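Accompanying notes for the structure given below.
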Amino acid sequence: MILQMIINGLLVGGLYASIGVSFSLVYGIMGIINLAQGTQIILGAYLTCAMVQFFHIDPFLTLPVSGFVLFCWGYAIQRCIINMVGKGGVVLTSLLTFGLNLVLINIILLIWNADFRGVNPAYAGKNFELFGATIPYVRLAVFFVAVVATVSLHWFLGHTQTGNAIHASAQNKRAAQIVGINIRHSYALTFAISSGLAGAMGTLYVILKPVSPFSGADLLMILFLVAVLGGLGNIPGALLGGVVMGLTDSFSVLCLGMQYQKIVLFLGFILVLIFLPRGFFGRRFYG
Amino acid sequence: MAERDRLGRKTTAGGAWATRTVFGVLLLAAFLVPLALRGYWVRLLANVFMFGILAQGVNIIAGYCGYLALGNILFFGLGAYVTAVLMTHFGVPFPVAFAASGAGAVIFSAGIGLLILRLKGQYFLMATLALSELMREVISSLDITGGGRGLTLPMFTGGAATVNNFFYYLMLLLMLACTFCIWLIDRSYLGLAFKAIKFDEDAASVMGINPPPYKTAAWAISSLFTGFAGSAFAYWMGYIDPGVVFEITPSIKMYLMMVLGGAGTVWGPVAGALFIELVSELAWSRFMEYQFLIVGSILILTCLFTPKGLMDLVGKKFTWSLFTKGIRENKI
Amino acid sequence: MKFLEGAGVSRYFGGLVAVNEVDFIVEKGEIFGLIGPNGAGKTTLLNMINGILPISAGKLYFQGQCLNGLKPHEITHLGIGRAFQIVRPFEGLTALQNVMVGGIFGSKPRKNTKEASRGAEEMLAFVGLSEKMNSQVAGLTIPDRKRLEVARALVMNPKLLLLDEVMSALNPKEVDAMMEMVTKVNSQGITVVMIEHVMRATMAICHRILVLHHGRRIAMDTPQEISQNEEVLKSYLGERFARMEAERRRTID
Amino acid sequence: MKGMIGIVVIVFSLVVLGCGSAGAQEAIKIGIIEPLTGPAAYDGQSVVEGARLAEEEINARGGVLGKQIRLVVEDGKADPAESVNAAEKLLVRDQVPVIMGAWASSATLAVMPVMKKNATPLLVETATSLKVTDPPSEWVYRICSNSAIDGQLMEKYLVPTLGFKKAAFMAANNDFGRAVVTFWSEAVKKKGGTVVLTEYHAPGEINFAPSLTKISTSGADSIIITSDIQTASNIIKQTYEMGLTKIKRLVTNGIPSEAIVKLAGVEASEGVLVHNYWVPFAPPKGQEAKNKQFMDKYTAKYPNKPVDKYAAFGYDGIRVIAQAIVTARAADPVKIKEALKKTKVDGLTGNIQFDDKNQARPYSSVSRIEKGKPKLVVRLN
């Protein structure tokens, strides 16, 4: 059973991680706490549902589309609205994103109504045994896609010119502008990547679980926990944070029962904040 | 002739008179409302005052001190549960339970504040969120709190009108007390210390301010009033469960009210609460399908055009450049 | 008893050594310059003196008292005032209120607001900001902000004043005015430690200068000696300055 | 200063605008408090739609006491404070003599004291908390079931007929979930079964794999699932992913099987047992025509919406209230309260009459989902 629990934790941890990465990225580069991120994921989920319903295609195939749509949305919203209050501090930007969150929920409500949606591929029940542990193919695939997306994002930021420009804008706004980086474009691109990732994760999320327009709130706490545990803005850190959270999920249920799972999680989180305020390997403070 | 108050702010004699008269009339009107209006409107206004208290609560810690206690609803829930548990299990009368709720919130915030107020900005924000979730989960699994079942409080004795009037005046007085407290802080050295910490904590400590006690004090005052509001709410509703008193939406609403009215001003959050509650009540009863769109848009427009709040517009000429000032200042 | 003394002061950020075993002594009543190229650890050293950054190794003494482990406000109450390099006024407050913060909290026991208000007005008059007393600091120009920064530090009646690049980004006339102010402050018996890139000012008013490079002390001497120190010339004042100096010396010889 | 006055003027004119909406009407008003916005809106709207059908039908027959009836609907958002506000609005502004609502148990419990203070009866149509009728309030009547009744009814079938010998519970950690666990555990134990594991989850929980792993190794032969639609479907889906289809799965408290099939998928919901109240596919004997008529009318009026139990309870609720007004011979709160005690209506959801706790007993049944369609297994009464 312990092996099964570890596998459960890892598989769901991969998804948690990539959800957290999308949030952490925007925070790390722009210092914005994006409260609309949960609902952006749900929007991705709804797009997938719609495409599966209309074209009867495999849900995994819709991933690039929902990712791309959210990418464009993210670029536009950052360029037109969020940049306008970019220097206003955390309160203002988080209130703004909360406003966006409400608008997004209303848009979903107007298009799709308030009822729940889900996609159910026929192969959902297929699984295989590994040393006595059951591994569902769907979960493995979701894990795999999520990890690939996260790792390639990390590679993109570290090894491409655009990625370097984004990094530069995060570290020193003025210097970046002096060397000719269009900082508004970099920021919009960052937000777009984050939203695009959220859209893609929405596709994966809805394969695992039905959603309603209000489900974004369930995700918000996961976003926070994973991103903070990994050190805000740190992609490999968020990956580790997600896995740790998945494993905590599993073992708190095993040892104490599901009722106490959240208590363990939040208590652990607060203790980490108090004793390791920069997460597992967050960036250090330079004077 | 412009005079200055103790903190060196300009006040003009004429302006003060006009302000005092308007406030006096408004206050009198507020006290007379239950005589003129009944039931629903008294209730609605009591609800506005409750949000006024909550918004003032975050105003002290976030508006003045700059520490974004996003999970401040924690003390609301805590206050509500202290009152509910004392009244149902121990037969304590409401005034005692009410006092105990405030005390409980202060003890809790001061204790935990010493630990987590060291965290900078966003980490503090998330710690408070996690704390409020933690508290909700703990209360959901304790027996004495009824777990997820919630608690039914002893009923308020008296007729329908008495109930409404009692809670109307209770909320009104609490809100006034809270605002008075902020007014005192605003015109004393405490206000300067809080604002110094908000704008630059390092610089403040180099100027001789020891931030931890000030921050803890700010959070304790904030939690005191939030706890009182929770206590009154529990007795008012007569039934509470963890989902009701620990919801995150009111937490965000408090911030919206504070920012809309003016963070770090004495009356701003109250004005914000009045505006948001009444507008949303009307918008929600008339444009049901678009309610989130409307409230969300108000939020976005506020952030864009009046980032310093409605109070910032008071006494200024309404011109186009006044509204675009926010964008000009905050644009990247 | 030395006025301010550092013994083997070091600061590490992870693996990076920002300040590396620096020894120095500041005598009472002098103007002590602190120079070095960007990233040499000057500001880090000041941050350790007033407690914003903890000291990784070594000891700091102020009038015989060890500063290690003291909080910034405790150090302030010992009589060390500080003006920041990147001016850090409290943006939402007026100039007067900014100075009042220092007036109220800078000494122990706390002053009352009335006294502090009067003191702050005097201090603003001293630095020449009387007219802008009630304007929000967001509207002040850079030179005004620098003056405000100095006023905030001075209002606390410090025995030691730490100035971090208060002359950068000023035009020559403003630099002259600031130099005059610093010497005036010093003549009232306040010891000054200043980081400055404006060499003209440093050379003119400092009694002694400490040169840092890559976190290490490479020289500590009078301005005269410093300007002829080979290592300083090479690492900080630069090749061109060195050649000019050499040329000058040759012509003198 | 001018700005301040401007704000005050705007706010007060809004208040005045809001005040002046009530007008004198000849019709008899019936108040309804339902969630029309927020996460529970879909179900709340179903109740209102069912109620509207009843309103139309009654008015087409000439109304009651020679007057038309008019429904006044307020949004309670399934939230206690909002629902109390809505009740206050209905009682003071509209002066309704009777209210139906307020969907969620927490909202209903908060509305109850207000009803008592205003001496006006409340008809509860969907809230299942035991506290609504225990201790009974003379002003509160309930037409839907509660967990104590359900547990009692299930006793005969759970272990003997359905074979739930080693049951595991997965329940929402709220009033509703805990009540089901208490009463259904008794039903299992009384007939010699055992409860091997009980796992409570927070509403909106995402990951059930750890709990399901625990259940699969605990030797349970059945899982009793008590939660909202979304979470129950999620649990069903995850049992399928984990290959636990050999364990019997039962979803309690009237979650429609169509919703489970839609959200969890046809394959995953194969063989799932559903405990339901009003079921459109299998009306009790003698009720077929009435049910068909209701469903046809509903589908004609709301073509895009499948008819569900909420609509049926809303429909029945208004019919019960109308009947009570007729018996009372006046649209007077106190008389309606007295009349409700004696009211009997042969409704869609059950043969409605109130016991000494003002609780009615609706029909209930257990069905099995086979190839995406529910099939009646056993009728409970």
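First to last, the protein sequences are chains A, B, C and D. All residue numbers for the first sequence refer to my numbering, where the first residue is 1 and numbers rise by one. All residue numbers for the second sequence refer to my numbering, where the first residue is 1 and numbers rise by one. All residue numbers for the third sequence refer to my numbering, where the first residue is 1 and numbers rise by one. All residue numbers for the fourth sequence refer to my numbering, where the first residue is 1 and numbers rise by one. Beta carbons are placed, not taken as given, at the ideal position from N, Cα and C, and that holds for glycine. Because the structure is a prediction, the values reported are computed rather than measured.
Keeping to the same chain, check which residues put their C-beta closer than 8 Å to that of residue i; ignore five residues upstream and five downstream.
i              : result
residue 316(B) : 322
residue 305(B) : 323, 324, 326 and 327
residue 208(A) : 15, 138, 139 and 142
residue 260(A) : 252
residue 135(B) : 74, 77, 78 and 246
Let me check one thing: in DSSP terms, what residues is residue i bridge-paired to?
i              : result
residue 208(C) : 32(C)
residue 256(C) : The first residue shown for chain C is 1 and the last is 253, placing residue 256(C) beyond what the model contains.
residue 161(C) : 81(C) and 192(C)
residue 75(D)  : 34(D)
residue 128(A) : 135(A)
residue 366(D) : 275(D) and 378(D)
residue 248(D) : 222(D)
residue 70(D)  : 29(D)
residue 99(D)  : 31(D) and 122(D)
residue 152(B) : 239(B)
residue 171(D) : 200(D) and 226(D)
residue 359(D) : 142(D)
residue 213(C) : 216(C)
So, using beta-carbon positions, are residue i and residue j closer together than 7 Å?
i              : j              : result
residue 102(A) : residue 296(B) : yes
residue 27(D)  : residue 67(D)  : yes
residue 143(A) : residue 14(A)  : yes
residue 5(A)   : residue 187(A) : no
residue 44(C)  : residue 11(C)  : yes
residue 78(C)  : residue 62(C)  : yes
residue 198(A) : residue 20(A)  : no
Cβ closer than 8 Å: which chain B residues qualify as neighbours of residue i?
i             : result
residue 72(C) : 202, 205 and 206
Run through chain C and tell me which residues come within less than 8 Å of residue i, C-beta to C-beta.
i              : result
residue 264(B) : 92
Run down chain B in chain order and give the residues with a C-beta less than 7 Å from the C-beta of residue i.
i              : result
residue 184(A) : 332
residue 209(A) : Neighbours of residue 209(A) on chain B: none; closest Cβ ~20 Å, over 7 Å.
residue 117(D) : 159, 160 and 163
residue 270(A) : 127, 130, 131 and 134
Whose C-beta lies closer than 6 Å to the C-beta of residue i among residues of the same chain, with five residues either side of it excluded?
i              : result
residue 229(C) : 219
residue 152(B) : 239
residue 185(B) : 191
residue 203(C) : 223
residue 22(D)  : Because residue 22(D) sits at a pLDDT of 40, beneath the cut-off of 50, its placement in the model cannot be relied upon, and the point is left open.
residue 201(B) : 211
residue 369(D) : 257, 269 and 272
Taking residue i as the query, report the chain D residues whose CB atoms sit under 7 Å from its CB, ordered along the chain.
i              : result
residue 155(B) : 113
residue 152(B) : 109 and 131
Residue i touches chain A at which residues, Cβ-Cβ below 7 Å?
i              : result
residue 213(D) : 1, 4, 5 and 8
Could you name the residues of the same chain whose beta carbon sits closer than 7 Å to that of residue i, not counting the 5 residues immediately before and after it, in chain order?
i              : result
residue 410(D) : A query on residue 410(D) cannot be resolved here, the shown segment of chain D reaching from 1 to 381 and no further.
residue 155(C) : 99, 102, 103, 106, 119, 120 and 123
residue 69(D)  : 27, 28, 30, 55, 58, 59, 63 and 322
Determine the chain B residues that contact residue i at a beta-carbon separation under 9 Å, and present them in chain order.
i             : result
residue 99(A) : 256, 295, 296, 297, 298, 299, 300, 301, 302 and 303
Taking residue i as the query, report the chain D residues whose CB atoms sit under 8 Å from its CB, ordered along the chain.
i              : result
residue 214(A) : 38 and 39
Applying a beta-carbon distance threshold of less than 9 Å, which residues of chain D neighbour residue i?
i              : result
residue 138(A) : 241
Inset, instruction - Could you run through the region 184-196 of chain B and flag, in chain order, every residue whose CB is less than 9 Å away from some CB of chain C? - result: 187, 188, 189, 192, 193, 195 and 196
Legend entry - Members of the region 83-102 of chain C that neighbour chain B once the beta carbon cut-off is set at 7 Å: 84, 88, 90, 91, 92, 93, 94, 96, 97, 100, 101 and 102
Legend entry - Within 7 Å of chain D by C-beta, residues of the region 114-128 of chain A in sequence order: 114, 115, 116, 118, 120, 122, 124, 125 and 127
Inset, instruction - Could you list the residues in the region 44-64 of chain B with a C-beta less than 8 Å from some C-beta on chain D, going in chain order? - result: 44 and 47
Legend entry - Where the region 247-262 of chain A meets chain D: residues whose CB sits under 7 Å from a CB there: 249, 250, 253, 254, 257, 258, 259 and 262
Legend entry - Under 8 Å (Cβ pairs) to chain A, residues found in the region 339-371 of chain D: none
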